[in-house]
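Following: one structure in structure tokens, then a few remarks.
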Amino acid sequence: MANSHLKLPIQYLRGIGPKKANILKKIGIQTVKDALYYFPSHYEDRRNKKDIFEIKPGEFVSITGNIVQITEIKTKTNLSIIEVVVSDGTGYLKAKWFNQNYLKKIFRQKQKIKLFGRVQLDHWSSSLEILNPDYELEPFSFSENYDILPIYRLTEGITQKQLQSIILSALSYALPFIEEYLPTEIRQRTKLPLLNEALKSIHFPPSNTEIRDLNEKTTIYHKRVSFDELFLLQLGIISLKFGRTSQKGISFNPEGKLLKAFLQKLPFSLTKAQQRVIKEILSDMKKPTPMNRLLQGDVGSGKTVVAVAAMLSAVECGYQAALMAPTEILAEQHYLNILSLLKGLPINIVIHTSTHNKYINLISSGVANIIIGTHALIEENLKFYRLGLVVIDEQHRFGVIQRAMLRKKGFNPDTLIMTATPIPRTLALTVYGDLDYSLIDEMPKGRVPVLTEIIEPENKKIIYKIIQEEINSGGQVYVVYPLIEESENLDLKSATQGYEGLRRIFPNYRVGLLHGKMPPKQREQIMKQFRSGEIQILVCTTVVEVGVDVPNATLMIITHAERFGLAQLHQLRGRVGRGQRPSKCILLPYKLTEEAKLRLKAIVNYNDGFKIAEEDMKIRGPGEIFGVKQSGIPDLKVADLLRDQSLLEIAKTEAEFLLRKDISFKEYPKLKEAFEEFWADRMEIFMTA
Ligand code: ADP
Ligand code: MG
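Residue numbers for the sequence shown follow our numbering, beginning at 10 and rising by one.
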């Protein structure tokens, strides 16, 4: 519906002009189309038409009668009240308006008037009255036609009445020009109304519409507009997927020698789930189209060996494989870990981050087979020799658009994305809708769930004893301090102070300090010492949050636990309980809000990441958790991923069906236009090379 009438700047609509247009701009209305899509936040029901004799206090009514008396009252506090008595033949009703002096020039004796408002009892006179009601004077054009009124979010300089009439005139101007772009078959199958009917009825609903459906935005009119958004969204995501599967990628066909050698050296056998997902990944890599797969498995489920298996398969076929981690520390750890897992195998492993960049030549010449690093891996100056597989670890903030951009960056490697965060279905269909999916749904044998408890600050001393016992029985300890962006220095100070304190309390143990601001050499040194057991207590900021793996660490103390989100707490706790020995996690909260209480309760009660994510969604809603905003998909203005789940499923089915039939919208030029408008500034990701 990208036609010139809808794009008309709102100021050219009759009766608006530049001044009002400037005010409208503040609420996002610049064109006629913006006005049509500026939906009511709720509705006022004026269908309760009553005779004056039958009204009761508390009721919202509409009354029609004649003005029989107009009085202006000035109170001692200099308040002006216009009081009007209305009669409809069955009784008298007093209406009062405060500080709206101009009304006395508008009302006249005997005039016919309609009043809309809530009735209340005036305790002084014990008669009924109605305060600041909406009114309409004869001739009743508006209220004859519309007895359910839209209520809009306002801004300074515009009244509800003005905005209602602006939107009404935008509708009457534009409705004839609105083109129906949804194919008829789809409209018939979904039983949704025409777009122009839907738009009109969202603003000015037919009088038989349920007020509850309106206020919950679940009328067929709201559904039609939500469906459009979800459908256009799915068309984009699915065409990305189709576009990818029609691209030529690498068909990896390894004999499996490297993988076999690796598995023989592993000190444990793979879980059934690990074996299954490795099979899924290898068979996907064999296909001639680029792989784009999400590997999901809870914290500690053993995703790393799965990634290594995939990387070895790429390497055996003569390609390079890269593993991208979200932090330097994690990259360093993966590097050391994978180095030791693959010791003795005839391959070269290097690290590349912004601080470790000595191996650029080995990477570009192809000497390096496996490259482990951070975002530095996708920077332009880094040239690979023959990159065949990219593994992205713990990176659930990488959205559909970023992934498409990565592919457009020039290489077309297979991609495996690993995450510990379970993804609800609605998001799996949107932000991750272009991905295939593998799940590790089993933990390695012998894992004992981590015992979690809350200790109040006044009992802090107990913690020192627990630390001592843990170390004496051969374990190691993390003590985590929060890091808040606004006051990084302050938090660093608290970690540093904690470190000094613990050193004083435990002079016989080695205490280490780790934070993100340290020079990498020193950081590596500390991690190495902690891994080897030389350091017994590691005081750290959340730099250990993701992926750090020291199986002998069995106690985790989280200070200011109230400041962490649920996913973060789960990740942090996942640093312990990685070996055979039972582990403990102690939460030390200081100030508890209601929400923080819910979070801590969830983390104490559940060990299962899926349960925890479910609780998190209940507390915060899914959008927050999975960063729909950062994902790069266009904003949804009307649809709501939680409320509109079933619409989303239908939209997906319809989009798939249509694209299978006609991927370039040859038969649907109007739909094509709507599609391009919806994805406007992101169209380049759909242009296949
Ligand atoms: P995550 O899925 O959280 O990334 P990791 O890959 O870091 O988990 O694995 C967690 C720990 O479990 C590591 O110490 C790893 O060596 C170990 N591990 C992985 N798979 C198994 C297995 N099948 N049996 C026993 N231990 C395993
Ligand atoms: Mg991991």
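No residue lacks a Cβ here, since even glycine has one placed at the ideal position from N, Cα and C.
- A Cβ-Cβ contact shorter than 8 Å links Y328 with L396.
- DSSP places Y182 within a helical segment (H, G or I) once states are collapsed to three.
- In the displayed model, L564 falls within a strand according to three-state DSSP.
- At least 8 Å separates the beta-carbon of P192 from that of R233.
- With contacts defined by Cβ atoms closer than 8 Å, I358 and I347 form a contacting pair.
- In terms of side-chain proximity, the C-beta atom of R587 is found nearer than 7 Å to a non-hydrogen atom of the ligand ADP.
- In this structure, DSSP gives Q78 an extended state, which the three-state scheme calls strand.
- The beta carbon of I476 is closer than 6 Å to those of V486 in its chain, skipping five residues each way along the sequence.
- As for any alpha helix (DSSP H) of minimum length 4 sitting wholly inside the region 331–395, the runs are 337–350, 369–374, ordered along the chain.
- Minimum Cα-Cα distance from E543 among the listed residues P560, I381, Y518 corresponds to Y518.
- With a cutoff of 7 Å, V314 counts as near the ligand ADP, since its C-beta is closer than that to a heavy atom of the ligand.
- Ranked by Cα distance from S210, the options R196, K367, T228, G442 are led by T228.
- Taking a contact as a CB-CB distance under 8 Å, the pair L124 and V77 does not count as one, their CB atoms being some 13 Å apart.
- Closest in C-alpha terms to H14, from the list I36, P491, V41, comes V41.
- Shortest gap from the CB of F619 to any heavy atom of the ligand ADP: 7 Å or more.
- With a threshold of 16 other beta carbon atoms within 10 Å, A689 falls short and is exposed.
- Counting only runs of at least 3 residues, the region 74–144 fully encloses the following beta strand (DSSP E) elements, listed from N- to C-terminal order: 89–96, 101–107, 121–131, 136–140.
- Annotated as proximal: I91 and N110, with beta-carbon spacing under 8 Å.
- Between the alpha carbons of V70 and K675 lies a gap of roughly 53 Å.
- One thing to note: E663 has its Cβ no nearer than 8 Å to the Cβ of Y190.
- Taking a C-beta distance under 8 Å as the contact criterion, I79 and I72 do not qualify as a contact pair.
- Around R56, the same chain offers D156 as residues with beta carbons nearer than 6 Å, after the five sequence neighbours per side are excluded.
- Here F277 is exposed. Its C-beta has fewer than 16 other C-beta atoms within 10 Å.
- Proximity of the beta carbon of T383 to the ligand ADP is not indicated: no heavy atom of the ligand is located closer than 7 Å.
- With 16 or more neighbouring CB atoms inside 10 Å of its own CB, E145 falls in the buried class.
- When the Cα atoms are used, V128 and K103 turn out to be separated by approximately 10 Å.
- Beta-bridge pairing by DSSP links P148 to no other residue.
- Classified as exposed, N217 has fewer than 16 neighbouring CB atoms from the shown chains inside 10 Å of its CB.
- For the ligand ADP, a non-hydrogen atom lies closer than 7 Å to the CB of L279.
- Distance from the Cα of Q305 is smallest, within the candidate group I360, L444, E238, for L444.
- Under DSSP, T428 shares a beta bridge with Q305.
- Residue range 51–54 is occupied by the beta strand (DSSP E) that includes Y52.
- With a cut-off of 7 Å, the C-beta of P560 is classified as near the ligand ADP, since at least one heavy atom of the ligand falls inside that distance.
- Contact between the region 318–336 and the region 435–444 is absent, with fewer than three C-beta pairs closer than 8 Å.
- Taking a C-beta distance under 8 Å as the contact criterion, N205 and I187 qualify as a contact pair.
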